[in-house]
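Top line first, the protein sequences correspond to chains C and P.
Numbering follows numbering that gives the first Met the number 0, with no gaps: position 199 of the first sequence is 198.
Numbering follows numbering that gives the first Met the number 0, with no gaps: position 96 of the second sequence is 95.
Cβ atoms here follow ideal geometry from the backbone N, Cα and C, with glycine treated the same way.
Protein chains: 2
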Amino acid sequence: MTEEKRQVSAEDSLIARYFKPLATDPGAFGLIDDAAILSSSGEDIVVTTDAVVEGVHYLATDPPDTIARKALRVNLSDLAAKGGSPAGFVLTLALRSKQDAWLRPFADALGDDARAFACPLLGGDTVSTPGPQMISITAFGRVPKGRMVGRTGAKPGDLVFVTGTIGDAALGLDALTGGAAAAALTDPAARDYLIDRYRVPRPRNALAGIVREHASAAMDVSDGLAGDLAKLCAASGVSAVINAHHVPVSAAAAIAVSAVGLEKLVSGGDDYEILCAVPEQRSAAFSRQAEQAGVEVTMIGTVIAGQGTPQWVDAQGEEVTLGRLSYSHF
Amino acid sequence: MTEEKRQVSAEDSLIARYFKPLATDPGAFGLIDDAAILSSSGEDIVVTTDAVVEGVHYLATDPPDTIARKALRVNLSDLAAKGGSPAGFVLTLALRSKQDAWLRPFADALGDDARAFACPLLGGDTVSTPGPQMISITAFGRVPKGRMVGRTGAKPGDLVFVTGTIGDAALGLDALTGGAAAAALTDPAARDYLIDRYRVPRPRNALAGIVREHASAAMDVSDGLAGDLAKLCAASGVSAVINAHHVPVSAAAAIAVSAVGLEKLVSGGDDYEILCAVPEQRSAAFSRQAEQAGVEVTMIGTVIAGQGTPQWVDAQGEEVTLGRLSYSHF
């Protein structure tokens, strides 16, 4: 057989062209093997997996570079909330087409983020699908043995903190899809800010070590603050009282909130902020170290004993009723 | 807020109902967390990821229990070829519907295989898709530090071995889809055997330690023996001479091979057998230990110096020309 007849599969050439440059870790073997090596020296490996589907988690019209960043960052956000340092990721890409105009910016942005977050591509699989495109990522982090921050450790008296601002992404999606927020957002800069927050999460990996040192329980907020807090409380066997007026809101979101209501912000998806419970005696150190790390944290309430859904109260101490807690993709 | 208004998302209840019973490893935290822990004691973690897509890697009419087994086993096959002991897996399930009639046998079969191969479910993500269903699995194995069997170590003089039989799955798919093999397979038992080989791979995990001890290079055969051998040789910077008549063929495949030709068998996908190069002085021990482990291995050729595509020769030493080497999903 001649060399000319040697067939390199389309998948192999696609991987070599777009993704081999991202496989900078020696354990990735330049993507020529079916498997990668994650070396360890006795620490725990944190494993998380999250997929984004076209039309469900991102819009078909979203720029491919933002889709790449979102796919990786939703996983980085999980690692951050668990107190893990990024160690690498594997990628499954279900593609309908393999046009350079989509793949080039996708791969370049993925590579930029892999470098910026020190989370190299270790391997992957590329498959064709006649349906919506999908990017599934499994990401790995490292924590000292036994030190992953779980959901089950929150105790009555702990203070409830959240990073960044809440509801921006839900409003951004609303603006993109012509919802109630769209009409309220007449300021183009505010609109663009919220849309960017929907498309490109800001995972709080700078806070990982601080969460590990101080938090009794933590998770990232991906399906709405109210619902995710309820999950954390249920896992810990506690409840909480949340001061609704303390929930951090961006200036852009503040413009829209009168039109859409608070519920939209605290039950909307895609925040990718960290929610955590911190024992009161550690809260000052937690806040100070977070500030030093450049991550805004806000105390929004208190963990209490009990099994009920967390209570939300306003500045007058009156209960705020939330009709829905979470965004569900189903 | 009353308990009645507490919303458990459809995804959470689906996971609890079908997949929590599979999460038997303590590192899975009963699937209540966003992340899992893979503990380590300084060994290397082998990571592999492979997805199966409805209509591409399996047929929409395939029974759900076989789809589950295939999704996990294609990954177990990679671990086996790399010399790794299974340590666990994470699952991303992109579902169009979530009917119990599909999910119950799927989850039960996945649980059976997870137990049988000692590869527990550690975590996952369930997303909805309007398109074809897809199951993406990332599986983990353990090898002593630095001992993963790669693709790059084959040396001239090594003998080329393959496990099991080759081409059964390609013929099974052909029989299911009314191809040339379908007409030749008048024996229902032979037809059923080949279809089962397509639907349910037999990963050779019993051979993992033996491959690690003796093989200089190895990979699993998933895209056709001829093409995968060419990849292994290219990665190692060598070539090979393969005796086409030594390629192990099942009795059922032998019935069909006259109708479809050898090329169909050695370029068809879905074998999930192990292809490896073994230094000649180790080959007797390799074969003996494989037999003791209950895994059939066949010597099919020799690694030679050179950069060319492996040569295939018949019993008379004449070159066999293969028009295509691999099955490509693209």
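Count the other CB atoms within 10 Å of the CB of residue i; is the residue buried (16 or more) or exposed (fewer)?
| i | result |
| --- | --- |
| E53 (chain P) | buried |
| T320 (chain C) | exposed |
| P25 (chain P) | exposed |
| P200 (chain C) | buried |
| P143 (chain P) | exposed |
| R5 (chain P) | Any reading at R5 (chain P) must be qualified, since the residue scores a pLDDT of 35, below 50, and its modelled position is unreliable; the value itself is stated next. R5 (chain P) is exposed by the Cβ-count criterion. |
| E3 (chain P) | Bear in mind that the predicted position of E3 (chain P) carries a pLDDT of just 30, short of 50, making it too unreliable to give a figure here. |
| R141 (chain P) | buried |
| S238 (chain P) | buried |
| R198 (chain C) | buried |
| S40 (chain C) | exposed |
| G110 (chain C) | buried |
| L211 (chain C) | Residue 211 (chain C) is actually Arg in this sequence, not Leu. By the neighbour-count rule (16 or more Cβ atoms within 10 Å), R211 (chain C) is buried. |
| T176 (chain C) | exposed |
| S12 (chain C) | exposed |
| Q132 (chain P) | buried |
| D43 (chain P) | buried |
| D219 (chain P) | buried |
| S96 (chain P) | exposed |
| E10 (chain C) | buried |
| A207 (chain P) | buried |
| A255 (chain P) | buried |
| A115 (chain C) | exposed |
| D362 (chain P) | Outside the modelled stretch of chain P, which goes from 0 to 329, sits residue 362 (chain P), for which no answer is possible. |
| D313 (chain P) | exposed |
| P187 (chain P) | exposed |
| S249 (chain C) | buried |
| S257 (chain P) | exposed |
| G166 (chain C) | buried |
| A108 (chain C) | buried |
Which residues does DSSP list as the beta-bridge partners of residue i?
| i | result |
| --- | --- |
| Y17 (chain C) | Note: Y17 (chain C) sits in no beta bridge, so no partner. |
| R141 (chain C) | C:I44, C:S84 |
| S330 (chain C) | Residue 330 (chain C) lies beyond the residue range present for chain C, which begins at 0 and ends at 329; the question has no answer from this structure. |
| E290 (chain C) | Per DSSP, none; premise fails for E290 (chain C). |
| L37 (chain P) | C:I44 |
| G375 (chain C) | This structure leaves residue 375 (chain C) out entirely; chain C is present only between 0 and 329. |
| V312 (chain C) | C:N242, C:E318 |
Less than 8 Å separating the beta-carbons of residue i and residue j?
| i | j | result |
| --- | --- | --- |
| I31 (chain P) | R150 (chain C) | yes |
| V45 (chain C) | Y271 (chain C) | no |
| S286 (chain C) | V296 (chain C) | yes |
| A80 (chain C) | A292 (chain C) | no |
| G29 (chain C) | A35 (chain C) | no |
| A276 (chain C) | V89 (chain C) | no |
| T126 (chain C) | A225 (chain P) | What sits at residue 126 (chain C) in the sequence shown is Val, not Thr. No, they are not a contact pair. |
| S215 (chain P) | K263 (chain P) | no |
| I134 (chain P) | I66 (chain P) | yes |
| G163 (chain P) | P85 (chain P) | no |
| L170 (chain C) | V294 (chain C) | no |
| G87 (chain C) | F139 (chain C) | yes |
| A168 (chain P) | R196 (chain P) | yes |
| T137 (chain P) | T48 (chain C) | yes |
| A113 (chain P) | L120 (chain P) | yes |
| N242 (chain P) | G156 (chain P) | no |
| G268 (chain P) | S221 (chain P) | yes |
| G130 (chain C) | P309 (chain P) | no |
| G123 (chain P) | L92 (chain P) | yes |
| A284 (chain C) | H213 (chain C) | yes |
| F105 (chain P) | D77 (chain P) | no |
8 Å is my cut-off, CB to CB: does residue i come that close to chain D?
| i | result |
| --- | --- |
| S127 (chain P) | The structure shown contains no chain D; its protein chains are C and P. |
Is any heavy atom in the ligand ZN found nearer than 7 Å to the beta carbon of residue i?
| i | result |
| --- | --- |
| A15 (chain C) | Of ligands this structure carries none, so the ligand ZN is not represented either. |
Give, in chain order, every residue of the stretch 228 to 242 of chain C whose Cβ lies closer than 7 Å to some Cβ of chain P.
-> Cβ contacts with chain P: A229, A234.
Interface residues of the stretch 9 to 30 of chain C facing chain P [CB-CB below 7 Å] = The residues in question are A9, E10, F28.
Where are the alpha helix (DSSP H) runs, 4 residues long or more, that stay fully inside the stretch 176 to 246 of chain C, in chain order?
-> The qualifying runs are 179 to 183, 187 to 198, 207 to 213, 224 to 235.
Return the chain-ordered ranges of every alpha helix (DSSP H) run that is complete within the stretch 78 to 130 of chain P and spans a minimum of 4 residues.
-> Whole alpha helix (DSSP H) segments, 4+ residues: 99 to 115.
What are the residues of the stretch 148 to 160 of chain C that lie near chain P, defined by any Cβ-Cβ distance shorter than 7 Å?
-> Contact residues of the stretch 148 to 160 of chain C toward chain P are G149, R150 (C-beta to C-beta distance below 7 Å).
Listed in chain order, which residues of the stretch 194 to 212 of chain C have Cβ atoms closer than 7 Å to some Cβ of chain P?
-> none
Taking only runs of the beta strand (DSSP E) that begin and end inside the stretch 248 to 286 of chain C, which ones reach a length of at least 3 residues, in chain order?
-> The stretch 248 to 286 of chain C contains these whole beta strand (DSSP E) runs: 272 to 277.
Proximal residues, the stretch 83 to 113 of chain C versus chain P, C-beta separation under 7 Å = V89, T91, A93
Anything in the stretch 29 to 49 of chain P with a Cβ closer than 9 Å to a Cβ of chain C? List those residues in chain order, please.
-> I31, D32, D33, A34, A35, I36, L37, S38, S39, S40, G41, E42, D43, I44, V45, V46, T47, T48, D49
Selection of the stretch 118 to 142 of chain P by Cβ proximity to chain C, strictly under 7 Å | Residues L121, G122, G123, D124, V126, S127, T128, P129, G130, P131, M133, S135, T137.
Where the stretch 273 to 300 of chain C meets chain P: residues whose CB sits under 8 Å from a CB there = Taking 8 Å as the Cβ-Cβ cut-off against chain P, none of the residues of the stretch 273 to 300 of chain C qualify.
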